[in-house]
């Protein structure tokens, strides 16, 4: 489904701050995989998702989604295959537009936008149904501007918008990290429901190891731009937080060892 | 203020109101401060004047003027999106280039239209007195422009334009090429400004290369006055407020110029000072209102 082949991305190339943010990534994601991604700060988690979404182009390697080689596709073109939910709830919705206008914008993801009315009467029914499923009472506020909603409500709306048209790939970049624990759990449940009911291929970054183990059928740990752990199926089910922490400390310990060797 | 002066101010408010809607599109909707308008207003006037004096139908000349304005706006937007030049700087570059281009188009700094055919002829032939013909035609154009822009912003494409100004990151992730939207949006804005310039030239009987100076300030003043007095809670309301703001602005200026205290009266060269005071007044009114109400 998704193939990363020899993917390399530098930041600040040629300067003293040069970082190899993606260090020769080779990764194959199967159709219907729900993959959780963990790793310390700067491990390359967001960079991996951004590379897939087309926020920037790779310095080396190719990315294929299904039958399409998208390596040189601009971000807006990849949106016909990929839907995203960002960490910041403000990024996923348009504050000055109403709830129904936002949903109507999402209904056209990856399609041509013409001169028909932005919000069509026949789509309102569907919007109301979808909003009702979320259970936040938003179906009665479809004419309200999104700027009036709370962060959690906006993130729930973003989840709906991302999956209004079934995406080939759903990218979740720490999409619950900016919410309070109760709302975060609601959004997480909603996420699980949507992914299961539409059997989506999804990649979810999280800082929460428990979530990383609990959700999805595959887990990837990144470190310094490379994949250092990749487990799925039974092996993932039997994984514990302690196992992951051990793995974390092992690579960080190596780092220390390397540094101390340099100092000697 | 005499009736005649009031009528003139109203007429000016409507015809410049078309320009103000253009400024609203860039300044408020696309969040793209665009100074191209100081050049595209005389560009429209120049194209229309040259077309008319070479025998082209005055109404058709408006289409050419709008097309010219679209191209000017598109150049600014391409410099910004494709070549990463800061929007303000890109628009200033287009604006100063247009100064030379406008003189080239006209073959000199101005063209007189006295005695030439204009868009007012058919209405005057119908028996409408000439001092009302302008008001009638400009009302027609203002209402037409308002309706088309409001319709456009409610289409699928128009909604993408609104979202591009509001949250570019989101609309890219929904598959919209924001560069294309900005090029079309800034182009449309300048097409309206050029149309306004063409109408003004035909009304005052001349196109002049200096007639665009201060367009952006007058446009911003009108937008802000309109929003402050008439509100901007919906797109429809905001667009209507832009045109009404323009008429209030022109009336306020006519009123100020007609004032007389003993020996003192304003001269036309005080216009910029009055505009600045008007904008400052409109900008600080909301915060003063809040303070007074809080007491």
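Residue numbers (the working numbering), protein chains in the order written: chain A, 43 to 306; chain B, 33 to 327.
Ideal Cβ positions, reconstructed from N, Cα and C, are used throughout, including at glycine.
With 16 other Cβ atoms within 10 Å as the buried cut-off, status of residue i
i: residue 146 of chain B; result: exposed
i: residue 320 of chain B; result: exposed
i: residue 186 of chain B; result: buried
i: residue 318 of chain B; result: exposed
i: residue 272 of chain B; result: buried
i: residue 291 of chain B; result: exposed
i: residue 306 of chain A; result: Because residue 306 of chain A carries a pLDDT of 43, less than 50, the predicted location of this residue cannot be relied on, and no value is offered for it.
i: residue 259 of chain B; result: buried
i: residue 70 of chain A; result: exposed
i: residue 315 of chain B; result: exposed
i: residue 261 of chain B; result: exposed
i: residue 188 of chain B; result: buried
i: residue 209 of chain A; result: buried
i: residue 166 of chain B; result: buried
i: residue 198 of chain B; result: buried
i: residue 219 of chain B; result: buried
i: residue 128 of chain B; result: exposed
i: residue 56 of chain A; result: exposed
i: residue 157 of chain A; result: exposed
i: residue 59 of chain A; result: exposed
Rounded Cβ spacing between residue i and residue j (contact assumed at less than 8 Å)
i: residue 274 of chain B; j: residue 53 of chain B; result: 5 Å
i: residue 100 of chain A; j: residue 51 of chain A; result: 6 Å
i: residue 229 of chain B; j: residue 97 of chain B; result: 7 Å
i: residue 143 of chain B; j: residue 82 of chain B; result: 7 Å
i: residue 221 of chain B; j: residue 66 of chain B; result: 7 Å
i: residue 265 of chain A; j: residue 81 of chain A; result: 6 Å
i: residue 278 of chain A; j: residue 261 of chain A; result: 5 Å
i: residue 211 of chain A; j: residue 107 of chain A; result: 6 Å
i: residue 207 of chain B; j: residue 114 of chain A; result: Residue 207 of chain B to residue 114 of chain A, Cβ: 17 Å. No contact.
i: residue 225 of chain A; j: residue 194 of chain A; result: 3 Å
i: residue 174 of chain B; j: residue 50 of chain B; result: 6 Å
i: residue 75 of chain B; j: residue 130 of chain B; result: 6 Å
Candidates the options: closest to residue i by CA position
i: residue 280 of chain B; options: B:119, B:298 and B:251; result: B:251
i: residue 200 of chain A; options: A:157, A:257 and A:130; result: A:130
i: residue 86 of chain A; options: A:68, A:64, A:71 and A:74; result: A:64
i: residue 214 of chain A; options: A:154, A:223, A:207 and A:234; result: A:234
i: residue 37 of chain B; options: B:284, B:225 and B:197; result: B:284
i: residue 248 of chain B; options: B:124, B:220 and B:89; result: B:124
i: residue 152 of chain B; options: B:168, B:76, B:139 and B:312; result: B:168
i: residue 166 of chain A; options: A:153, A:208, A:184 and A:151; result: A:184
i: residue 285 of chain A; options: A:275, A:263 and A:269; result: A:263
i: residue 269 of chain A; options: A:72, A:275, A:192 and A:290; result: A:290
i: residue 49 of chain A; options: A:103, A:96 and A:89; result: A:103
i: residue 277 of chain B; options: B:34, B:44, B:236 and B:39; result: B:44
i: residue 85 of chain B; options: B:137, B:109 and B:156; result: B:137
i: residue 164 of chain A; options: A:229, A:149 and A:176; result: A:149
i: residue 204 of chain A; options: A:179, A:236 and A:174; result: A:236
i: residue 121 of chain A; options: A:95, A:144 and A:143; result: A:95
i: residue 242 of chain A; options: A:227, A:151, A:229 and A:76; result: A:76
i: residue 234 of chain B; options: B:71, B:92, B:306 and B:61; result: B:92
i: residue 232 of chain A; options: A:252, A:176, A:146 and A:222; result: A:176
i: residue 313 of chain B; options: B:286, B:253 and B:294; result: B:253
i: residue 192 of chain A; options: A:274, A:135 and A:112; result: A:135
i: residue 133 of chain A; options: B:80, B:179, B:203 and B:106; result: B:203
i: residue 258 of chain A; options: A:56, A:74, A:45 and A:43; result: A:74
i: residue 202 of chain A; options: A:44, A:142 and A:156; result: A:142
i: residue 255 of chain B; options: B:282, B:236, B:232 and B:238; result: B:282
i: residue 41 of chain B; options: B:232, B:110, B:224 and B:309; result: B:232
DSSP beta-bridge partners of residue i
i: residue 79 of chain A; result: A:247 and A:262
i: residue 124 of chain A; result: A:211
i: residue 217 of chain A; result: Its beta-bridge partners do not exist; DSSP assigns none.
i: residue 273 of chain A; result: A:261
i: residue 172 of chain A; result: The partner list for residue 172 of chain A (beta bridge, DSSP) is empty, contrary to what the question assumes.
i: residue 187 of chain A; result: A:140
i: residue 69 of chain A; result: A:46
i: residue 268 of chain A; result: A:265
i: residue 293 of chain B; result: B:296
i: residue 64 of chain A; result: A:51
Below-8 Å beta-carbon distance, residue i vs any chain E residue
i: residue 156 of chain A; result: Protein chains A and B are contained in the structure displayed, whereas chain E is not.
*Write down every uninterrupted run of the alpha helix (DSSP H) in the region 67-111 of chain B whose length is 4 residues or greater and which is fully enclosed by it, in chain order.*
69-85
*Runs of alpha helix (DSSP H) wholly within the region 165-218 of chain B (minimum 4 residues, chain order)*: 188-198 and 200-205
*With a floor of 3 residues, list each beta strand (DSSP E) that falls wholly inside the region 230-269 of chain B, ordered by position along the chain.*
238-240
*Taking only runs that begin and end inside the region 103-169 of chain A, name each unbroken alpha helix (DSSP H) of 4 or more residues, in chain order.*
117-120 and 141-149
*Can you give, in chain order, each stretch of the alpha helix (DSSP H) that sits fully within the region 116-145 of chain B and has at least 4 residues?*
119-138
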